[in-house]
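Those sequence lines, one after another, are chains A and D. Positions 1 to 466 (the UniProt record's numbering) are the ones given, in order, by the first sequence. Positions 1 to 466 (the UniProt record's numbering) are the ones given, in order, by the second sequence. For each residue, glycine too, the CB sits at the ideal point set by N, CA and C. Model, not experiment: these values are computed from the prediction. Presented below is the structure to which this report refers.
Number of protein chains: 2
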Amino acid sequence: MQKQFVTIKELYRNKEEYIGKTVKVAGWIRTSRASKNFGFVELNDGSFFKNMQIVLSDEKLENFKEITKLPISSSILVEGELVSTEGAKQPVEIQATNIILEGESDSSYPLQKKRHTLEYLRTIAHLRPRSNTFSAVFRVRSLTAYAIHKFFQDRNFVYSHSPIITGSDCEGAGEMFRLTTMDLNNIPKTEEGHVDYSKDFFGKEANLTVSGQLNAEIMALAFRNVYTFGPTFRAENSNTVKHASEFWMVEPEIAFADLEDNMELAEDMIKYIINYVMENAPEEMEFFNNFVDKGLIERLTNVVNSEFKRLPYTEAIELLQKSGHKFEFPVEWGCDLQTEHERYLTEEIIKGPVFVTDYPKDIKAFYMRLNPDGKTVRATDLLVPGIGEIIGGSQREERYDVLLDRIKELGLNEEDYWWYLELRKFGTATHSGFGLGFERMLMYLTGMQNIRDVIPFPRTPKNAEF
Amino acid sequence: MQKQFVTIKELYRNKEEYIGKTVKVAGWIRTSRASKNFGFVELNDGSFFKNMQIVLSDEKLENFKEITKLPISSSILVEGELVSTEGAKQPVEIQATNIILEGESDSSYPLQKKRHTLEYLRTIAHLRPRSNTFSAVFRVRSLTAYAIHKFFQDRNFVYSHSPIITGSDCEGAGEMFRLTTMDLNNIPKTEEGHVDYSKDFFGKEANLTVSGQLNAEIMALAFRNVYTFGPTFRAENSNTVKHASEFWMVEPEIAFADLEDNMELAEDMIKYIINYVMENAPEEMEFFNNFVDKGLIERLTNVVNSEFKRLPYTEAIELLQKSGHKFEFPVEWGCDLQTEHERYLTEEIIKGPVFVTDYPKDIKAFYMRLNPDGKTVRATDLLVPGIGEIIGGSQREERYDVLLDRIKELGLNEEDYWWYLELRKFGTATHSGFGLGFERMLMYLTGMQNIRDVIPFPRTPKNAEF
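Here is the structure:
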């Protein structure tokens, strides 16, 4: 049955083909108003951000009264003529000649015309995609995901799925969710009285991944250029607007490539994504710019047109100190940059996107390549105006001995890294990669301020509804 | 540094541009042989299934001896002239003038030239992507994933991420992994002595999803046409070649669409994927056809060129009974079709892909639309030669009362489905969808017989290594 219904997007985008013709559309009533003999329905069919105005007249419609009384969100099948309405708010409308009720809604439908808070809308996550805001957010989410795939596939990158279930916390990047099939009321114990994980599903402890990077390195050292794009998890009990327990990460990994290649790739990718979304979702971006974040389009356009700067951490610290600006957290060499520092750097000092490079090794992960100074590593964070850090990456330590020393120095268990070390033994190569938090990127693209509002069904502490 | 190295894929695809010119490539030595003054290296750089032959000569290379002695899988940076070799096995080769050793491998490198069993290769999952077979499999995996995205995005479908962590087992589709952050050595208990899930991370039981469908229905009833594509999990303790604990599923969901639309979409998608992979990975497909599954390309070509048939379950049962064929499991109305039945239907009776429709309600899920006969539901499985079922789908029960009756009839907890029921209350619409097991599709495309060999890092009972 679907083919008989042309999409509202098609009617907007190619209206010349349809004006004066009889068309059929199917959708949900967003708003409805009527006088005695005439009425108007704003119909949304999900294919497009904008609604189609349906003109109802008692004269042409047998069931005029019935249709005008339908509650918001009822679904209807409409037949009528597409008519040009030059000068009106919308370029076309449909003068209905036949309307069939598909599914009548109820007057208790919670998404009435009045504005709701974003907090309230989270409690009706099964209905909020029908609101303007979330219709725009989730369509942009889809386009952004595709832009990422297209960017990498066009460049011959291999998409590799890193496993979600991991046997150990190799990254040490945060608290993890444990996975089990044991009966929690009756946990098998060893003779010593400890949990007997050998009886569990995988025969040992198993957790949800916090990053797909280490597995991506395996693939990069076979396929040269690869990327992962999948869900990752953090069991942190933090209730902030930036943290979710489940979120998606994009992690490219490139071989025979150093940190410069890595930064160029990140810059190209960010610009590509922004351009793709602005080209493919102009109505949504205009909506965000008007109703969510006034300077959005200008800020994104600036990013696309700017050349991203490079700034060593040591110089960044000096610039922050010299600025005379009073920060909540003091600035000194060795400290991790706080969001306030990052934003001051990119917004006030550099006035544009900037890669800060070569951080102190003590605040970065074990796998980052040690610089000749012995103090810093070949890491980089990309800072952008309006948000601070959006990407973190590094050139990886490709030297077996140096990597092993770092693992020992940090008290990590060498055996857990046997295969990661072997990558450095059997034809190691200079390689680099970075991670982009997908939701972080979406917040940047849409201006939405809470990560819960760019994920269809967010998971946070005490919340796994829907 | 990466930009200076042209990819081997580029040199093969656009060889005319490079012949006679000096080029630089970077890659890993796959094989190497040398006489006193001459040598040959088969170099693979991961960008392409095929190797580039590097010609070494003592006369042109300072480090000729050193290079010829390098163990397999060493990585090298090569400079030399690309030369046409008409009539030889490969169309071009590089006559090296300068080679820099990037990473020397070790003579203990386990992937030597001799053939290894697939079982053994699974134990070195960090190195097997460097073998011919897995280089082909994982490149096809990447292309297949992209084909799926491209198919749906080109048709204006919205990609929606269904949550991985779920608060309840709403689908009842199989055993689930439980997720917890509680200390298993010291589990909080209620006064009654049960596990106190209110103390757990999400304040209640949480599991890994077995399907993204129910959430996809939410999105379809807002965006008309959507798809999910993400990891799903089964904690089944089954050690078969078809089962993995972690696998990816593609689940489109379409509104104002009945089972006919659903079948057309599935047919279009399967044909699109096959065509895309055959066009974009001809070398890999030829390899599979020659070394993994002799009839592969012919079988896939037949699928692309055939019109998928439709066959009601009741007729299918009659045909199987009339066939006179002796099956291990007896065939009678009401039974679930076994793989032997499915394959006999598609391979011997229909001789091509076939949608079996309208299964008995008792062997299908609660959400499938009840037919007027009261006995069958508007379900369909797509059966294909060589494998049996590859897709399962249905028109969804869009009638509130009928759905509620089914939920009660099956003894499910109505409250768990509050939002799923509400979708039928606030503007319900005819809608349909199906699920494609991504790895099942990959096995069909490659001829690989074990699901562990189409997943980079497979998870199965007692196995979560890498």
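Same chain, Cβ closer than 7 Å to residue i, neighbours up to 5 away in sequence not counted
i, result
"A/Thr85", "Pro91, Val92 and Glu93"
"A/Arg33", "Gly39 and Phe40"
"A/Tyr359", "Tyr313, Thr376, Val377 and Ala379"
"D/Glu283", "Phe49 and Lys50"
Amino acids of chain A, ordered along the chain, whose beta-carbon sits closer than 7 Å to that of residue i
i, result
"D/Gly427", "Trp28, Ser73, Ser74, Ser75, Gly103 and Ser105"
"D/Ala145", "Tyr159"
"D/Asn371", "Within 7 Å Cβ-Cβ: nothing; D/Asn371 doesn't reach chain A, min ~16 Å."
"D/Thr133", "Going along chain A, no residue has its Cβ under 7 Å from D/Thr133, so there is no contact; the nearest lies around 12 Å."
"D/Asn185", "His194 and Val195"
"D/Lys462", "Phe202 and Gly203"
Contacts that residue i makes with chain C (C-beta to C-beta distance below 9 Å)
i, result
"A/Trp419", "The question asks about chain C, but that chain is absent: this structure's protein chains are A and D."
8 Å Cβ shell around residue i - same chain, five flanking residues per side excluded
i, result
"A/Leu423", "Glu217, Ile218 and Leu221"
"D/Lys113", "Thr31 and Ile72"
"A/Ile19", "Leu82, Val83, Ser84 and Val92"
"A/Ser394", "Leu259, Asn262, Lys364, Ala365, Tyr367, Met368, Arg369, Val377, Arg378, Ala379, Thr380, Ser432, Gly433 and Phe434"
Minimum C-alpha distance to residue i - residue among the options
i, options, result
"D/Tyr344", "D/Gly435, D/Glu328 and D/Asp358", "D/Glu328"
"A/Leu445", "A/Leu179, A/Glu398, A/Val384 and A/Glu465", "A/Val384"
"D/Ser135", "A/Ser160, A/Leu412 and A/Arg234", "A/Ser160"
"D/Ser162", "D/Arg130, D/Thr228 and D/Arg452", "D/Thr228"
"A/Gly27", "A/Arg13, A/Lys21, A/Lys9 and A/Ser107", "A/Lys9"
"A/Lys50", "A/Arg452, A/Arg224, A/Gly193 and A/Arg139", "A/Arg139"
"A/Arg452", "A/Asn37, A/Ser57 and A/Ile124", "A/Ile124"
"A/Leu70", "A/Thr430, A/Ile317 and A/Glu102", "A/Glu102"
"D/Ala145", "D/Val292, D/Trp418 and D/Gly230", "D/Gly230"
"D/Asp293", "D/Thr117, D/Thr428, D/Thr460 and D/Gln449", "D/Gln449"
"A/Met1", "D/Glu264, D/Thr180 and D/Ser131", "D/Glu264"
"D/Leu179", "A/Arg234, A/His194 and A/Leu320", "A/Arg234"
Residues of its chain near residue i, where Cβ-Cβ distance is below 6 Å and the 5 sequence neighbours each way are ignored
i, result
"A/Ile54", "Val41, Leu43, Val78, Ile94 and Ala96"
"A/Leu127", "Leu111"
"D/Lys60", "Thr97"
"A/Asn225", "Phe157 and Ile254"
"D/Leu296", "Phe288, Asn289 and Gly447"
Chain A contact residues for residue i, given Cβ-Cβ distances below 8 Å
i, result
"D/Leu423", "His126"
"D/Glu398", "Gly103"
"D/Asn156", "Thr7, Lys9 and Ser47"
"D/Asn456", "Before going further, note that residue 456 of chain D is Pro rather than Asn in the sequence given. Result: Ser160, His161, Ser162, Pro163, Asn215, Ile218 and Met219."
"D/Asp261", "Met1, Gln2 and Lys3"
"D/Thr430", "Met1 and Glu102"
Residues that residue i contacts on chain D, provided the C-beta gap is smaller than 9 Å
i, result
"residue 469 of chain A", "Outside the modelled stretch of chain A, which goes from 1 to 466, sits residue 469 of chain A, for which no answer is possible."
"A/Ser32", "In chain order: nothing, as chain D lies at least about 12 Å away."
"A/Arg440", "What A/Arg440 touches in chain D: nothing, since even the nearest Cβ is about 15 Å away."
"A/Ile139", "In the sequence under discussion, the amino acid at residue 139 of chain A is Arg, which differs from the Ile named in the question. In chain order: Val158 and Phe223."
Neighbour list for residue i in chain D, Cβ cutoff strictly below 7 Å
i, result
"A/His149", "Tyr146 and His149"
"A/Arg130", "Ala222"
Heavy atom of the ligand COA within 7 Å of residue i beta-carbon
i, result
"A/Thr346", "In the structure shown, the ligand COA is absent, as is every other ligand, since no ligand is present at all."
Partners in chain A for residue i, counting only beta-carbon separations shorter than 9 Å
i, result
"D/Asp258", "Met1 and Gln2"
8 Å Cβ cut-off: residues of chain D touching residue i
i, result
"A/Gly230", "Gly230 and Pro231"
Interfacial residues, the stretch 236-256 of chain A to chain D, with Cβ spacing under 8 Å | Asn237, Ser245, Glu246, Trp248, Ile254, Ala255 and Phe256
Return the residues of the stretch 333-350 of chain D that lie within a Cβ-Cβ distance of less than 9 Å from chain A, sorted by chain order.
-> none
For the stretch 210-228 of chain A, enumerate the residues whose C-beta is nearer than 7 Å to any C-beta of chain D, in chain order.
-> Legend: CB atoms of the stretch 210-228 of chain A lying less than 7 Å from CB atoms of chain D belong to residues Asn215, Ile218, Met219, Ala222, Phe223 and Arg224.
So does the stretch 405-424 of chain D actually touch the stretch 355-370 of chain D, counting three or more Cβ pairs closer than 8 Å?
-> yes
Closer than 8 Å, Cβ to any Cβ of chain D: which residues of the stretch 188-210 of chain A, in chain order?
-> His194, Val195, Phe201, Phe202, Gly203, Lys204, Ala206 and Leu208
Does the stretch 431-441 of chain A touch the stretch 234-252 of chain A, meaning 3 or more C-beta pairs lie closer than 8 Å?
-> Verdict: yes, contact present.
Are at least three pairs of beta-carbons, each pair with one atom in the stretch 374-389 of chain D and one in the stretch 323-343 of chain D, less than 8 Å apart?
-> yes
Any contact of the stretch 308-326 of chain D with the stretch 287-298 of chain D, i.e. 3+ C-beta pairs under 8 Å?
-> Segments in contact, no.
Proximal residues, the stretch 373-402 of chain D versus chain A, C-beta separation under 8 Å | Glu398
Contact residues within the stretch 106-118 of chain A, judged by C-beta distance below 9 Å to chain D | Residues are counted here when their Cβ sits less than 9 Å from a Cβ of chain D; for the stretch 106-118 of chain A these are Asp106, Ser108, Tyr109, Pro110 and Leu111, given in chain order.
Mind checking the stretch 42-71 of chain A against chain D and listing, in chain order, the residues whose C-beta falls within less than 8 Å of any C-beta there?
-> Asp45, Gly46 and Ser47
Does the stretch 192-202 of chain A touch the stretch 193-207 of chain D, meaning 3 or more C-beta pairs lie closer than 8 Å?
-> No, the stretch 193-207 of chain D is not in contact with the stretch 192-202 of chain A.
For the stretch 268-289 of chain A, enumerate the residues whose C-beta is nearer than 9 Å to any C-beta of chain D, in chain order.
-> none
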